[in-house]
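To keep things clear, I will list the structure first and then write my remarks on it.
2 protein chains.
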Amino acid sequence: MKATPYHHGALRDALLTAAETILRRDGLLALTLRAAAREAGVSHAAPGYHFGDLPGLLTELAAMGLRRLSAQLRDIKSSPERRVWDAARAYLAFARANPALFQLMFQSDRLQMESPSLLEARTEAMQQLALTRGIEDASPTLAQLGYVTGGWAIVHGFAMLLLDGRLTPLLAGMPPGSTPEDLFEAMLASAEKGLIGYS
Amino acid sequence: MKATPYHHGALRDALLTAAETILRRDGLLALTLRAAAREAGVSHAAPGYHFGDLPGLLTELAAMGLRRLSAQLRDIKSSPERRVWDAARAYLAFARANPALFQLMFQSDRLQMESPSLLEARTEAMQQLALTRGIEDASPTLAQLGYVTGGWAIVHGFAMLLLDGRLTPLLAGMPPGSTPEDLFEAMLASAEKGLIGYS
DNA sequence: TCGCCAATCTTTACGTTGTCTAGATAGGCT
DNA sequence: AGCCTATCTAGACAACGTAAAGATTGGCGA
């Protein structure tokens with residue numbers, strides 16, 4: 001048994017965790033095929049064998065993130081009327097806990113959109129979303145579609161704006177010690193009453 | 001007068017328009033310093049002189065996009081009660097007309113966040129946003145902050161999800177011939193009534 | 001009008017990356 | 001025991017960002 005055996009044995013998984021380590025520590029721009037290989041302690045071309053190319057690796061990472069998000073949404077055990085709120089909070093919590101991964105999950109120009117594993121993870125997350133909103137119809141009405149879309153868009157938009165640092169000026173106008181979650185709750189309360197024409 | 005004079009004369013602006021051409025034609029990943037130089041017909045290191053590095057060029061592009069968006073929001077001449085709707089539509093229209101540029105504008109890891117021109121363009125756009133929502137207070141209340149954030153987030157989130165292709169399954173469930181704008185209108189109508197607890 | 005200066009652009013060079021190719025290794029099946 | 005195939009390494013090449021040094025020229029002062 002050598003220090004570094006020629007065959008790793010579980011290199012594919014090791015590369016995925018190495019890639020996520022880099023993603024969390026150094027950001028998306030630092031996540032390269034060669035960096036993942038260095039982090040895993042293998043040759044620079046090893047990731048190419050398992051993932052084909054860089055979009056292939058990023059796609060598997062994104063699919064992994066989507067599956068984790070779906071699981072966290074599925075594990076919500078609230079009552080139906082509280083479930084929507086808790087799902088929104090879980091969505092934001094995931095984005096805050098995995099900022100770079102979350103942004104990668106919604107950066108389609110770096111992903112292989114036709115990848116089966118990504119497509120499967122996407123539809124799974126989509127079903128969780130519709131289920132949370134209490135819509136199981138095969139052919140929903142236009143109002144239902146607008147309702148589902150609105151709930152997703154407002155939560156997703158908040159997460160995106162927050163991760164991009166665009167809400168910092170707004171957060172600066174809040175009482176000292178306020179967290180982004182406080183602004184999030186205020187936004188949800190506003191959305192419950194009606195978001196337009198309120199002032 | 002030679003075919004290609006040594007000094008371009010207005011190379012900085014030419015590089016910016018060349019960069020936007022590439023952005024629109026080939027996407028963000030194809031926009032490199034050398035590609036912009038090729039498009040403008042100058043040496044590959046010329047952009048480095050005017051913009052320092054690649055984030056410098058992208059930052060100027062993003063600032064340009066923000067200024068254009070601000071101008072389009074400012075040009076809205078609707079009545080106060082219709083202004084919110086028209087601003088939302090203008091926001092989406094800008095994102096649809098300039099997809100790659102819009103995504104670049106909200107991709108802070110590729111931009112120089114401390115750039116004065118970017119900061120100025122940002123605060124200008126921010127003021128247009130607050131003005132559209134009818135809030136001019138120096139110290140807004142928490143409810144007002146939640147209200148402004150919600151309006152921004154739902155429109156921004158819709159644009160992001162749409163540009164990322166995430167709404168295509170939802171659009172597939174709509175009547176044939178429906179446009180993304182139709183779903184957008186349905187979402188706004190839903191947001192007006194109240195976005196949570198409707199079902 | 002002459003000459004110099006500084007802004008502008010080119011050339012050259014180096015390290016890093018993605019990706020392709022050929023080769024090395026070894027686990028497992030017959 | 002031997003081979004087959006999956007797995008990993010080594011090497012190479014083009015494209016990229018970026019730095020340094022050189023070339024060009026418009027314009028300003030004497």
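If you read the sequences in order, they're chains A and S. In terms of UniProt numbering, the first sequence has 71 at position 71, counting the first letter as 1, and numbering is strictly consecutive. In terms of UniProt numbering, the second sequence has 160 at position 160, counting the first letter as 1, and numbering is strictly consecutive. The beta-carbon is built from N, C-alpha and C at its ideal position, and this holds for glycine as well. All values reported here derive from a predicted model rather than from experimental measurement.
Residue i versus residue j - alpha carbon distance
i	j	result
S:Arg-12	S:Ala-19	11 Å
A:Arg-25	S:Leu-29	23 Å
A:Arg-67	A:Ala-95	14 Å
S:Met-1	S:Lys-77	Here S:Met-1 scores only 35 on pLDDT, less than 50, and its place in the model is too uncertain to base an answer on.
A:Pro-169	S:Gly-52	28 Å
S:Leu-31	A:Glu-81	47 Å
A:Ala-62	A:Gly-27	14 Å
A:Asp-86	A:Asp-75	11 Å
S:Gly-134	A:Gly-194	16 Å
S:Arg-38	A:Ser-108	27 Å
S:Asp-182	S:Glu-192	15 Å
S:Arg-122	S:Ala-138	18 Å
S:Pro-116	A:Pro-116	44 Å
A:Met-174	S:Phe-106	23 Å
A:Leu-118	S:Ala-10	46 Å
S:Leu-188	A:Leu-188	15 Å
A:Pro-176	S:Thr-21	45 Å
S:Leu-33	A:Leu-33	22 Å
S:Gln-127	S:Ser-79	18 Å
Beta-carbon spacing of residue i, residue j below 9 Å
i	j	result
S:Ser-178	A:Gly-146	no
S:Leu-162	S:Pro-140	no
A:Ala-153	S:Gly-56	no
A:Ala-159	A:Leu-92	yes
S:Thr-132	S:Arg-83	yes
A:Ala-90	A:Gln-72	yes
A:Val-42	A:Leu-15	yes
Cβ-based burial, residue i [other Cβ within 10 Å; buried from 16]
i	result
S:Thr-17	exposed
A:Met-113	exposed
A:Ala-45	exposed
A:Glu-120	exposed
A:Ala-100	buried
S:Tyr-49	exposed
S:Thr-59	buried
S:Thr-149	buried
A:Gly-65	buried
A:Gly-151	buried
S:Asp-164	buried
A:Pro-47	buried
A:Ala-97	exposed
A:Ala-186	buried
CA nearest to the CA of residue i, picked from the options
i	options	result
S:Leu-129	S:Ala-88, S:Ser-108, S:Leu-142	S:Ala-88
A:Ala-143	S:Leu-171, S:Leu-61, S:Met-64	S:Leu-171
A:Ala-70	A:Val-84, A:Glu-124, A:Ile-135	Note that residue 70 of chain A corresponds to Ser in the displayed sequence, not to Ala. Looking at the Cα atoms, A:Glu-124 is the closest of the given residues.
A:Pro-5	A:Ala-40, A:Ala-36, A:Gly-173, A:Leu-33	A:Ala-40
S:Leu-54	S:Ala-14, S:Ala-36, S:Gly-9	S:Ala-36
A:Val-155	A:Pro-176, A:Met-174, A:Phe-184	A:Phe-184
Contact test: residue i Cβ vs the ligand COA heavy atom, cutoff 8 Å
i	result
S:Arg-83	Annotation note on the ligand COA: not contained in the displayed structure, which lists no ligands.
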